[in-house]
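Q: First the structure, then my questions, so here it is.
Here is the structure:
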């Protein structure tokens, strides 16, 4: 049995065609049921094109799969996609492997997930960051798909308020991988937090790269790759005067870090999904904070419940109230922010949870 962790163990991976990789975990399978779970339960996952080592979105989902599988005592399977063209084939690979639950990572896999779920009603699916509602009727398009969603606008509101308090130029910046709702939801909250700060403090901080009234003009790289294109887009934001930058799109924050270092000056950035201070410390001097999704816990819970026969297609929605979203510590900027900021953020968080402060997003009721 070979234990493989993401691309680091590439020598031990089995190549599927020329475009995707399959990873197999190493938790020993028990001889009998453990706490009511199926000893032969097979949980599986398909990444988007960012891969399982993106230090962000896919990696958190994969970590949740591994954690749940170890708890259950089974061996998971995970297939890594090299491009968008791989999604349907990779899902079919896992269906052919008799997976009981297939978790797909990200809205880019929505169409392939819905199609596979409809064609395979006895296989359960979960999808991260998508409602699986292609016809936009407010209902999941197949009865065997559980959406795992996160109202990150709530956490981004806190981050936008904090960033507005910190900026020296009076300009915040943001850019996307692709301007899908699950990406722009961060920007919506960030913008609203900035607006609230301006109202409370009588300031005029502005945001470049995103306008909620004109989402079609969102500054975006067009994909989710940390490359020269993403660095060029980050430089565009910097050239517009932003000194606090929010890249939203998996690993593109790495390119923003490179752009900031090349530019020099007192610039900082924010991570999304994971606390990038921990997951990608290369730019730890630049990380102001991160807007968090507890994807690891959400995926682990969904997998664990399915193993017990309690698969439920009711969407999971992470919020500030249930701990599904939040912001990371300020780390090296703890002593550089306003001394009263932490108390202000605690009060704002409580008001968002109580409903006294309304944060709107495509997930808000």
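In the numbering used here, the protein residues as written are 25 to 389.
Yeah, the Cβ is synthetic: ideal placement off N, Cα and C, and Gly gets one too.
#1: Which value, in whole angstroms, describes the spacing of the CA atoms of residue 200 and residue 244?
#2: Under a three-way DSSP split, which group does residue 145 fall into?
#3: Under three-state DSSP, which class holds residue 320?
#4: Would you list the one or two residues that DSSP bridges to residue 230?
#5: Going along the chain, which unbroken runs of the beta strand (DSSP E) with 3 or more residues stay wholly within the region 269-344?
#6: Counting pairs of Cβ atoms below 8 angstroms between the region 245-253 and the region 133-140, do you hit three or more?
#7: Excluding the five sequence neighbours on either side, which residues of its own chain have a C-beta within less than 7 angstroms of the C-beta of residue 328, listed in chain order?
#8: Tell me where the alpha helix (DSSP H) around residue 237 begins and ends.
#9: If you drop the 5 nearest sequence neighbours on each side, which residues of the same chain put their C-beta closer than 7 angstroms to that of residue 383?
#10: How many angstroms separate the CA atom of residue 381 from the CA atom of residue 370?
#11: Inspect the beta-carbon positions of residue 232 and residue 266 and report whether they are closer than 8 angstroms.
#12: Just to confirm, are residue 330 and residue 314 a CB contact at a threshold of 8 angstroms?
#13: Indicate the three-state DSSP secondary structure (helix, strand or coil) for residue 76 in the structure shown.
#14: Beta-carbon separation of residue 340 and residue 361 under 8 angstroms?
#15: Could you tell me how far apart the beta carbons of residue 221 and residue 188 are, in whole angstroms, since I believe they sit closer than 8 angstroms?
#16: Using CA atoms only, rank isn't needed, just tell me which of 378, 67 and 71 is closest to residue 274.
#17: Where residue 347 and residue 98 are concerned, what is the direct C-alpha to C-alpha distance, given to the nearest angstrom?
#18: Tell me which residues share the same chain as residue 142 and place their Cβ nearer than 8 angstroms to its Cβ, disregarding the 5 neighbours each side in the sequence.
#19: When you compare the CB positions of residue 304 and residue 293, do they come within less than 8 angstroms of one another, or not?
#20: Where residue 108 and residue 349 are concerned, what is the direct C-alpha to C-alpha distance, given to the nearest angstrom?
#21: Would the beta-carbon of residue 130 fall within 8 angstroms of that of residue 81?
#22: Let me check one thing: in DSSP terms, what residues is residue 65 bridge-paired to?
#23: What do you reckon, are the CB atoms on residue 320 and residue 84 nearer than 8 angstroms?
#24: With H, G and I counted as helix, E and B as strand and the rest as coil, what does DSSP make of residue 260?
#25: Tell me which residues share the same chain as residue 89 and place their Cβ nearer than 7 angstroms to its Cβ, disregarding the 5 neighbours each side in the sequence.
#26: When we look at the beta-carbon of residue 75 and count the other beta-carbons within 10 Å, is it buried (16 or more) or exposed?
#27: Inspect the beta-carbon positions of residue 272 and residue 211 and report whether they are closer than 8 angstroms.
#28: Which of helix, strand or coil does DSSP assign to residue 208?
#29: If I follow the unbroken alpha helix (DSSP H) through residue 188, where does it start and stop?
#30: Could you check which residue in 302, 263 and 301 has the C-alpha nearest to that of residue 286?
#31: Using the rule of at least 16 other Cβ atoms within 10 Å of the residue's Cβ for burial, across every protein chain shown, is residue 312 buried or exposed?
#32: Hey, quick one: how far does the beta strand (DSSP E) through residue 125 stretch, first residue to last?
#33: Suppose you measure from the CA of residue 119 to the CA of residue 140; what does that come to, to the nearest Å?
#34: In three-state DSSP terms, what is residue 119?
#35: Just verifying my parser: in three-state terms, what is the DSSP assignment at residue 381?
#36: Rank 73, 105, 113 and 154 by C-alpha distance to the C-alpha of residue 387 and give the top, closest one.
A: Answer, in terms of the structure:
#1: Counted from its first residue, the chain shown places residue 200 at position 176. Counted from its first residue, the chain shown places residue 244 at position 220. Here the alpha carbon of residue 200 sits roughly 4 angstroms from the alpha carbon of residue 244.
#2: As a working note, residue 145 is residue 121 in the chain shown. Coil, per DSSP.
#3: Residue mapping note: residue 320 aligns to position 296 of the chain shown, counting from 1. Residue state, collapsed to three classes: helix.
#4: Working through the chain shown from its first residue, we reach residue 230 at position 206. In the DSSP output, where bridge partners are listed per residue, residue 230 has 195.
#5: 292-297, 311-317 and 340-342
#6: Counting Cβ pairs under 8 angstroms, fewer than three are found: no touch.
#7: Here residue 328 corresponds to residue number 304 of the chain shown, with the count starting at 1. 92, 95 and 96, listed in sequence order.
#8: Within the chain shown, residue 237 is the residue found at index 213, counting from 1. Counting along the chain, residue 237 falls outside any alpha helix (DSSP H), and DSSP gives it neither H nor E.
#9: Numbered from 1 along the chain shown, position 359 holds the residue referred to as residue 383. Within the same chain, residue 383 has close Cβ partners 177, 178, 181, 213, 216 and 376.
#10: Here residue 381 refers to the residue found at position 357 of the chain shown. Here residue 370 refers to the residue found at position 346 of the chain shown. Going from the Cα of residue 381 to the Cα of residue 370 covers about 13 angstroms.
#11: Taking the chain shown and counting its residues from 1, the one referred to as residue 232 is at position 208. Taking the chain shown and counting its residues from 1, the one referred to as residue 266 is at position 242. Result yes, Cβ atoms of residue 232 and residue 266 sit closer than 8 angstroms.
#12: Along the chain shown, one-based indexing puts residue 330 at 306. Along the chain shown, one-based indexing puts residue 314 at 290. Not in contact: residue 330 and residue 314 (Cβ atoms no closer than 8 angstroms).
#13: Position 52 of the chain shown holds residue 76. Note: residue 76 maps to coil in three-state DSSP.
#14: The residue labelled residue 340 in the question sits at position 316 within the chain shown. The residue labelled residue 361 in the question sits at position 337 within the chain shown. Contact: no.
#15: Indexing the chain shown from 1 puts residue 221 at position 197. Indexing the chain shown from 1 puts residue 188 at position 164. That belief holds up - the Cβ atoms of residue 221 and residue 188 are roughly 4 angstroms apart, short of 8 angstroms.
#16: To locate residue 274, count along the chain shown from 1; it is residue 250. For residue 274, the nearest C-alpha among the options comes from 71.
#17: On the chain shown, position 323 is the one that residue 347 refers to. On the chain shown, position 74 is the one that residue 98 refers to. C-alpha separation (whole angstroms): 27 angstroms.
#18: Within the chain shown, numbered from 1, the residue matching residue 142 stands at position 118. Cβ neighbours of residue 142 beyond the five flanking positions: 165 and 166.
#19: For the purposes of this step, residue 304 is identified with residue 280 of the chain shown, where counting begins at 1. For the purposes of this step, residue 293 is identified with residue 269 of the chain shown, where counting begins at 1. No; because the gap between Cβ atoms is not below 8 angstroms, this pair is not in contact.
#20: Mapped onto the chain shown, residue 108 falls at position 84. Mapped onto the chain shown, residue 349 falls at position 325. Approximately 27 angstroms, taken between the alpha carbons.
#21: Mapped onto the chain shown, residue 130 falls at position 106. Mapped onto the chain shown, residue 81 falls at position 57. Cβ atoms of residue 130 and residue 81: closer than 8 angstroms.
#22: For this step, residue 65 is matched to residue 41 along the chain shown. BP columns for residue 65 are empty, so no partner.
#23: Your numbering for residue 320 matches position 296 in the chain shown. Your numbering for residue 84 matches position 60 in the chain shown. The Cβ atoms of residue 320 and residue 84 sit closer than 8 angstroms to each other.
#24: The count along the chain shown starts at 1 and reaches residue 260 at position 236. Residue state, collapsed to three classes: helix.
#25: Within the chain shown, residue 89 is the residue found at index 65, counting from 1. Excluding sequence neighbours, residue 89 sits near 67, 69, 100, 102, 127, 323 and 327.
#26: Reading the chain shown from its first residue, position 51 is the one you call residue 75. So residue 75 ends up on the buried side.
#27: Taking the chain shown and counting its residues from 1, one reaches residue 272 at position 248. Taking the chain shown and counting its residues from 1, one reaches residue 211 at position 187. Taking 8 angstroms as the Cβ cut-off, residue 272 and residue 211 qualify as a contacting pair.
#28: Counting from 1 along the chain shown, the entry for residue 208 is found at position 184. Residue 208: helix per DSSP, three-state reduction.
#29: Residue 188 sits at position 164 when you count from the first residue of the chain shown. Residue 188 -> alpha helix (DSSP H) spans 176-190.
#30: Here residue 286 refers to the residue found at position 262 when the chain shown is read from its first residue. Each of 302, 263 and 301 was checked against the Cα of residue 286, and the nearest Cα belongs to 263.
#31: In the chain shown, counting from the first residue as 1, residue 312 sits at position 288. Burial call: buried.
#32: The residue given as residue 125 occupies position 101 in the chain shown. Counting along the chain, the beta strand (DSSP E) containing residue 125 begins and ends at 125-129.
#33: Along the chain shown, one-based indexing puts residue 119 at 95. Along the chain shown, one-based indexing puts residue 140 at 116. Rounded to the nearest angstrom, the two C-alpha atoms are 9 angstroms apart.
#34: What you label residue 119 is simply residue 95 of the chain shown in a count that begins at 1. It is helical.
#35: Residue 381 sits at position 357 when you count from the first residue of the chain shown. Residue 381 falls in the coil class under three-state DSSP.
#36: Residue 387 sits at position 363 when you count from the first residue of the chain shown. Of the listed residues, the one whose Cα sits closest to residue 387 is 154.
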